[in-house]
Structure formats: C-alpha cells, structure tokens
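Heads up: the structure comes next, in structure tokens.
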Amino acid sequence: MWSYHNWSAAAFLYLGLHGTYAVLWLIKQNVYPDKRFAQELPVWMGILTPFIPLASYYLAPYLLISQHTVLPAWVFAVAPLLYTLGIFLHYVSDAQKYFTLRLRKGLIEDGLFARTRNPNYLGEILIYGAFALVSWHWLPVLVLAGWTIYFFINMGSKDRSLARHQGFAQYKGRTGKVLPKLF
-17 MWSYHNWSAA
-7 AFLYLGLHGT
3 YAVLWLIKQN
13 VYPDKRFAQE
23 LPVWMGILTP
33 FIPLASYYLA
43 PYLLISQHTV
53 LPAWVFAVAP
63 LLYTLGIFLH
73 YVSDAQKYFT
83 LRLRKGLIED
93 GLFARTRNPN
103 YLGEILIYGA
113 FALVSWHWLP
123 VLVLAGWTIY
133 FFINMGSKDR
143 SLARHQGFAQ
153 YKGRTGKVLP
163 KLF
C-alpha cells in the first residue's frame, strides 16, 4: 500500500481480511497446533516449501494494490461473507478435530463433520475465494484452482487413511467430500 500509494477502501478491505487470517492462524497454532507444522524438515525444504507455494498468496494483494483496482460495491458484501464463512469452517473444524482426537481416536462423525468430511478444506477454499474476489483479477482465481486441486488430492489421501476405521463406508455414504450432503 505504501509503495503504490494505494489507500483505497479495496486495499484496506484486503488488508483487514488477510491480516485477521494471519492473526487467527497464529492464535490457532498456539492453542491447537497442526501436527504437520511440528515435523522437522531439511533446511532446503524449509526454505523452498513455504516460500514458493506461499508466494502465490501475495499475488492477489499485489495485483489489487499495484493496479489501483476499483471494486464493484457488491464485492464489499460478498467477499467478507465468503471469508467469514470460510474462517468459521476452517478454524472451528480444526479445533473440533484437535480436541476430539485428544479425547478419543477414530472417526469424527458429528458437529461440522456430520455432513462433510472436509469442512476445513471447504473453509480454506472460501477464504482464498474471498481473497481472489477482492483482487478482481483472473490470476488469483487460477491460483485458487491450483490450491483446490491440491486440497482434493489431500482429501483423497485422507479418505484412504480413514477407510481403515470401522464405519467409514457408511460415513462416506452420508457425507459430501467437500460440500455438505444435506439429503
């Protein structure tokens, strides 16, 4: 914002959305950490892994701010809606999973996991969808598509891992992979 002298409402909207996402992620990591981030990696993976894929996160604000994009008024309602739903699904489902698995191992079939097997991924897709929408550019949509493909690959791996639990076939039949199965 400083470099491009862009103090627009759109730039502040993006700052508010992505800024709270960062703060919430730091709180989450301290209260109910993700085991994946506790694994030790070789130095080269620690440098390349976060910076190359995560650099894509900076594309949306760069395009928005450097091009002084003017957003249609409806984006100021829809983007926070997508973002808030995404934040809720992502962080609440991660908390549910973390605290449930501390009490008992096995399938989690209630709460946010009652109708979808991946409420956390649905939340992330909505969050990144909000960021892409605020950028008002096709490139962040392409990045979102790439992340979504990556998430679907992870969901397949997760389903294969959960298949070892008794009752998984029935659970899979009554839940959606990402979108909640309502009927």
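Quick note: the sequence shown uses our numbering, first residue -17, plus one each step. Every residue, glycine too, gets a C-beta built ideally from N, C-alpha and C.
Own chain residues within Cβ distance below 8 Å of residue i, not counting five before or after
| i | result |
| --- | --- |
| residue 116 | -8, -5, -4, -1, 42, 46, 53, 57, 61 |
| residue 106 | 68, 72, 129, 133 |
| residue 78 | 90, 93, 94, 95 |
| residue 81 | 14 |
Inter-residue Cα distance where the pair is residue i and residue j
| i | j | result |
| --- | --- | --- |
| residue -10 | residue 112 | 17 Å |
| residue 147 | residue 21 | 25 Å |
| residue 89 | residue 14 | 19 Å |
| residue 164 | residue -15 | 47 Å |
| residue 135 | residue 101 | 15 Å |
| residue 120 | residue 127 | 11 Å |
| residue 103 | residue 160 | 7 Å |
| residue 26 | residue 55 | 44 Å |
| residue 5 | residue 12 | 11 Å |
| residue 1 | residue 141 | 32 Å |
| residue 114 | residue 139 | 27 Å |
| residue 51 | residue 44 | 10 Å |
| residue 49 | residue 110 | 20 Å |
| residue 8 | residue 24 | 23 Å |
| residue 36 | residue 155 | 34 Å |
| residue -17 | residue 3 | 18 Å |
| residue 16 | residue 30 | 20 Å |
| residue 131 | residue 84 | 30 Å |
is_contact[residue i, chain B] using C-beta, thresh 9 Å
| i | result |
| --- | --- |
| residue 150 | Protein chain content of the structure displayed is limited to a single chain, and chain B is not contained in it. |
Neighbourhood of residue i by C-beta, 6 Å cutoff - its chain only, sequence neighbours within 5 removed
| i | result |
| --- | --- |
| residue 108 | 64, 67, 68 |
| residue 97 | 157, 162, 163 |
| residue 144 | 150 |
Collapsed DSSP secondary structure at residue i in the structure displayed
| i | result |
| --- | --- |
| residue 93 | helix |
| residue 130 | helix |
| residue 88 | coil |
| residue 98 | strand |
| residue 149 | coil |
Beta-carbon gap between residue i and residue j smaller than 9 Å
| i | j | result |
| --- | --- | --- |
| residue 92 | residue 10 | no |
| residue 86 | residue 153 | no |
| residue 123 | residue 38 | no |
For residue i, the first and last residue of its enclosing alpha helix (DSSP H)
| i | result |
| --- | --- |
| residue 10 | -9 to 13 |
| residue 42 | 41 to 48 |
Beta-carbon proximity list for residue i, same chain, < 7 Å, skipping 5 on both sides
| i | result |
| --- | --- |
| residue 74 | 94 |
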